[in-house]
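Just below is one structure, and these are the notes that go with it.
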Amino acid sequence: MNVMARSILDVEADTIMETALVTPPPVNTFCLGDRVTWMSQSNGTIRIKTGTIVGAVPAGMSFHRFLSTQNALSQYDCAPIDGTFGRRETSYLVAVSVQNHAGKLKKRQRLYWPRVKSLRLLDGDDICPHQ
Numbered sequence: 000m001n002v003m004a005r006s007i008l009d010v011e012a013d014t015i016m017e018t019a020l021v022t023p024p025p026v027n028t029f030c031l032g033d034r035v036t037w038m039s040q041s042n043g044t045i046r047i048k049t050g051t052i053v054g055a056v057p058a059g060m061s062f063h064r065f066l067s068t069q070n071a072l073s074q075y076d077c078a079p080i081d082g083t084f085g086r087r088e089t090s091y092l093v094a095v096s097v098q099n100h101a102g103k104l105k106k107r108q109r110l111y112w113p114r115v116k117s118l119r120l121l122d123g124d125d126i127c128p129h130q
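To convert, note that position 63 of the sequence shown is 62 in numbering that gives the first Met the number 0; the numbers rise steadily by one, no gaps.
Here you go:
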């Protein structure tokens, strides 16, 4: 009887492990206007960036294709984005205020396309319920 109990527990443990390996972790969804933060790395320097979500790029759509449908996003500096290929999940465009060398804010905010898994919501704990 003890052997039978072990085998049932082993089967349950195996099922739990298989489910954990097959099921992707939940992806955060955010609303336009949410304030988020993330860490980025470039040339050996790690920076923490903070900004506001200004666009939601549908899964599979490239940044450039999305941008061509959004006239309102032309007000942002999009230079740092390499958006040739789409992403597997819905992703977000984040506008960040940038300072010039004198420490004054530039008129145009810079647009970034960070990975969703690196984004953290700043204002409140609520995740967008309608996306």
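Cβ coordinates follow ideal geometry from the N, Cα and C atoms, glycine included.
Just to confirm my understanding: we take VAL56, look at its own chain, exclude 5 residues before and 5 after, and list those with CB closer than 6 Å. What are they? Sequence index remark: in the sequence shown, residue 56 carries index 57 (1-based). Only PHE65, SER90 meet the Cβ criterion.
Could you tell me which of VAL95, ILE47, LEU104 sits nearest to ILE80, measuring between CA atoms? In the sequence shown, the residue the question calls residue 80 occupies position 81. Ranking the options by Cα distance to ILE80, first place goes to VAL95.
Extract the residue ranges of the alpha helix (DSSP H) inside the region 53-121, only unbroken runs of 4 or more that lie entirely within it. Fully enclosed alpha helix (DSSP H) runs of 4 or longer: 62-67.
Quick check: the Cα distance between ASN1 and ARG119, rounded to an integer number of angstroms? Reading the sequence shown from its first residue, position 2 is the one you call residue 1. Reading the sequence shown from its first residue, position 120 is the one you call residue 119. Low confidence applies to ASN1: its pLDDT is 49, below 50, so where it sits in the model is not reliable enough to give any reading.
Nearest to TRP37 by CA position, among ARG107, ASN99, LEU92, GLN98, is which residue? By 1-based counting over the sequence shown, the position of residue 37 is 38. That would be LEU92, whose Cα lies nearest to the Cα of TRP37.
Limits of the beta strand (DSSP E) - the one that THR36 falls within: On the sequence shown, residue 36 is found 37 positions in, with the first residue counted as 1. 34-41 is the span of the beta strand (DSSP E), which, as asked, contains THR36.
Does DSSP classify THR28 as helix, strand or coil? Against the sequence shown, residue 28 aligns to sequence position 29. The answer is coil: DSSP assigns THR28 none of H, G, I, E or B.
Buried versus exposed call for PHE84 [16 or more other C-beta atoms within 10 Å across all chains shown]: Your numbering for residue 84 matches position 85 in the sequence shown. Exposed, because fewer than 16 other Cβ atoms sit within 10 Å of the Cβ of PHE84.
With 16 other Cβ atoms within 10 Å as the buried cut-off, status of VAL97: For the purposes of this step, residue 97 is taken as the residue at position 98 of the sequence shown. Exposed: under 16 other Cβ atoms inside 10 Å.
For ILE45, which residues from the same chain have a beta carbon less than 8 Å from its beta carbon, with the 5 sequence-adjacent residues on both sides left out? Numbered from 1 along the sequence shown, position 46 holds the residue referred to as residue 45. If the five residues before and after ILE45 are omitted, its C-beta is found closer than 8 Å to the C-beta atoms of MET38, SER39, all from its own chain and listed in chain order.
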